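The structure under discussion appears below in the form of structure tokens.
Protein chains: 2
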Amino acid sequence: MRVSELVAVSGVPLATVKYYLREGLLMPGESSSATQAEYGEQHVRRLALVKALAGVGLPLGKIRVVVGLIDRPADTVFETVGRALSALPPYPAGGDDGDHPRARAVLERIGQVYDPSYPVVAQLERALAAAESVGLPMTDDRLDVYARHVRAVAEIDLDLMPTDSVENAIEYAVLGTAIYEPVLAALRRLAHQDIGAERFGTDTFDDLASADRQDRS
Amino acid sequence: MRVSELVAVSGVPLATVKYYLREGLLMPGESSSATQAEYGEQHVRRLALVKALAGVGLPLGKIRVVVGLIDRPADTVFETVGRALSALPPYPAGGDDGDHPRARAVLERIGQVYDPSYPVVAQLERALAAAESVGLPMTDDRLDVYARHVRAVAEIDLDLMPTDSVENAIEYAVLGTAIYEPVLAALRRLAHQDIGAERFGTDTFDDLASADRQDRS
Numbered sequence: 019m020r021v022s023e024l025v026a027v028s029g030v031p032l033a034t035v036k037y038y039l040r041e042g043l044l045m046p047g048e049s050s051s052a053t054q055a056e057y058g059e060q061h062v063r064r065l066a067l068v069k070a071l072a073g074v075g076l077p078l079g080k081i082r083v084v085v086g087l088i089d090r091p092a093d094t095v096f097e098t099v100g101r102a103l104s105a106l107p108p109y110p111a112g113g114d115d116g117d118h119p120r121a122r123a124v125l126e127r128i129g130q131v132y133d134p135s136y137p138v139v140a141q142l143e144r145a146l147a148a149a150e151s152v153g154l155p156m157t158d159d160r161l162d163v164y165a166r167h168v169r170a171v172a173e174i175d176l177d178l179m180p181t182d183s184v185e186n187a188i189e190y191a192v193l194g195t196a197i198y199e200p201v202l203a204a205l206r207r208l209a210h211q212d213i214g215a216e217r218f219g220t221d222t223f224d225d226l227a228s229a230d231r232q233d234r235s
Numbered sequence: 019m020r021v022s023e024l025v026a027v028s029g030v031p032l033a034t035v036k037y038y039l040r041e042g043l044l045m046p047g048e049s050s051s052a053t054q055a056e057y058g059e060q061h062v063r064r065l066a067l068v069k070a071l072a073g074v075g076l077p078l079g080k081i082r083v084v085v086g087l088i089d090r091p092a093d094t095v096f097e098t099v100g101r102a103l104s105a106l107p108p109y110p111a112g113g114d115d116g117d118h119p120r121a122r123a124v125l126e127r128i129g130q131v132y133d134p135s136y137p138v139v140a141q142l143e144r145a146l147a148a149a150e151s152v153g154l155p156m157t158d159d160r161l162d163v164y165a166r167h168v169r170a171v172a173e174i175d176l177d178l179m180p181t182d183s184v185e186n187a188i189e190y191a192v193l194g195t196a197i198y199e200p201v202l203a204a205l206r207r208l209a210h211q212d213i214g215a216e217r218f219g220t221d222t223f224d225d226l227a228s229a230d231r232q233d234r235s
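Residue numbers (our numbering), protein chains in the order written: chain W, 19 to 235; chain G, 19 to 235.
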């Protein structure tokens, strides 16, 4: 197809398509004459991916990292996908590569590797510090339940990952990691509501306080 | 304590304390003379709560809703806590109270009540629509696993909720809902990494693709 058709099919404006071509986010078309190039399905797909990555919050520089890994993967699946995932926000603040004591303690307890250079470890440390600062530090009983069930969620995420091509795997890993976070957050809030209705029904705070006193007596 | 001590103990500047008093976010102190008032532990605690609520992203108007519910709870625990939780971001866009077909289908499948007026239902609908738009629509196999494990997470959240006072319950529900979302998101990403290392080890994409071909033959 000609570039005008690519614009029509992808819904990405011509100026943006040209910009992506210049920036190497979109691979060049096949020259059909001195001034024209032919585009195909891979271009439509790449434009959809770039659009989706921008939609989950990746700035252009990080989108370049992701599509660069599709075009030139690292030696192993693990390293390729891992590097692509590092492109996801939130990004560590400058100088955030020190020790992460809360994250280390959590990862040791749940038996996972602690690697302070991995951006998500800094993200976990910040989240744990924020919980502490509002008087709700992570406790072992909460952590054990969270870790077990989050792992089960992560298992199905990996079960469903396509591994037939680099592009499919990277696209799924990056988009799936980002796109299901708000789904999981909303499901948790709705489960709170559902369980709350079950447990408290029409109880007043006085009912609960007297039940609480009975528990302790 | 005098207001100067309250400022020192809470770390909230005098101008802000005065603003919170005017806005009704902080209850007045006990007048000790025409120009002075005495403050106590409840004021220190309230300032800490207002600070924490601002820290998890609540604008002042929503913080007023939360502290208003502590001071004047609704008839039941469920309604009081539910209204306090509605103060949490993300806030529904205007006109977002229509039908939410994706959220409805999901909630019907997992056996939970569908109430389109509840803000989290709109949040779930948006998250599901976003997943669909990047080519990763929620499937039943994924949903069944997500729902089961998210519910277990929500159960421990409610197990650990203090019910001895309105203030403790609301504070825990609002802050805990917000503050553990990024913890859960970081744990999921770290579990992906851990399981990925286990499953793929040092596999290349060629290894996986040939394994994939064998599976299908």
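A virtual CB, placed ideally from N, CA and C, is assigned to each residue, including glycine. Small disclaimer: the values here were computed from a predicted structure and weren't measured.
Taking 7 Å as the limit between beta carbons, can you name the residues of its chain near residue i, skipping five residues before and five after?
| i | result |
| --- | --- |
| W/M156 | V124, L146, A149 |
| W/L43 | V68, I81, R82, V85 |
| W/G194 | D175 |
| G/P108 | Q141 |
| W/A70 | L193 |
From this set, the options, which residue's C-alpha is nearest residue i's C-alpha?
| i | options | result |
| --- | --- | --- |
| W/G116 | W/A70, W/P134, W/H167 | W/P134 |
| G/V30 | G/A66, G/F223, G/N186 | G/A66 |
| G/P110 | W/D158, W/A196, W/I128, W/A204 | W/A204 |
| W/D158 | W/D182, W/Y136, W/E126 | W/E126 |
| G/H118 | G/V139, G/V192, G/Q130, G/L76 | G/V139 |
| G/E59 | G/Y190, G/A229, G/A52, G/M45 | G/M45 |
| W/V74 | G/S151, G/Y38, G/V21, G/Q54 | G/S151 |
| W/T53 | W/Y37, W/A70, W/V21, W/A26 | W/V21 |
| W/T220 | G/R120, G/P77, G/D93, G/L76 | G/D93 |
| G/D2 | W/D182, W/A172, W/R160, W/R169 | No information on residue 2 of chain G is available, as it lies outside the stretch 19 to 235 that chain G covers here. |
| W/T222 | G/E41, G/F96, G/L32, G/R40 | G/F96 |
| W/D224 | G/D182, G/A196, G/R206, G/S228 | G/D182 |
| W/A170 | G/V131, G/P200, G/R206 | G/R206 |
| W/G214 | G/A172, G/Y38, G/L202 | G/A172 |
| W/R40 | W/L71, W/L78, W/A26 | W/L78 |
| G/D162 | G/Q130, G/Y136, G/M19 | G/Q130 |
| G/A196 | W/V25, W/Y136, W/L154, W/Y38 | W/L154 |
| G/V201 | W/E216, W/V168, W/A72 | W/V168 |
In this structure, how does DSSP classify residue i when only helix, strand and coil are distinguished?
| i | result |
| --- | --- |
| G/S135 | coil |
| G/S22 | helix |
| W/A165 | helix |
| G/S151 | helix |
| W/A111 | coil |
| G/S28 | helix |
| G/A55 | strand |
| W/S104 | coil |
| G/S49 | strand |
| G/Q130 | coil |
| W/T34 | helix |
| W/A170 | helix |
| W/L44 | coil |
| G/A92 | coil |
| G/T157 | coil |
| W/P180 | coil |
| W/T98 | helix |
| G/D221 | coil |
| G/D175 | helix |
Between which residues of its own chain and residue i is the CB-CB distance below 6 Å, once the five residues before and five after are set aside?
| i | result |
| --- | --- |
| W/S28 | V62, L65 |
| G/E56 | G47, E48, S50 |
| W/A165 | I128 |
| W/Y198 | none |
| W/E143 | H118, R120, A121 |
| G/Y38 | L44 |
| W/Y132 | R122, L125 |
Excluding five sequence neighbours on each side, which residues of the same chain lie with their C-beta closer than 8 Å to the C-beta of residue i?
| i | result |
| --- | --- |
| W/V184 | L87, I88, P91, T98 |
| G/P180 | N186, A187, Y190 |
| W/F218 | L226 |
What residue range is occupied by the uninterrupted alpha helix (DSSP H) comprising residue i?
| i | result |
| --- | --- |
| G/I197 | 184-218 |
| G/G73 | 59-73 |
| W/G79 | 78-89 |
Note to self: Can you confirm whether the region 93-107 of chain G touches the region 208-217 of chain W when touching is taken to mean that 3 or more C-beta pairs between the two stretches lie within less than 8 Å?
What the structure shows: Taking one beta carbon from each stretch, the region 208-217 of chain W and the region 93-107 of chain G have 3 or more pairs nearer than 8 Å; the two touch.
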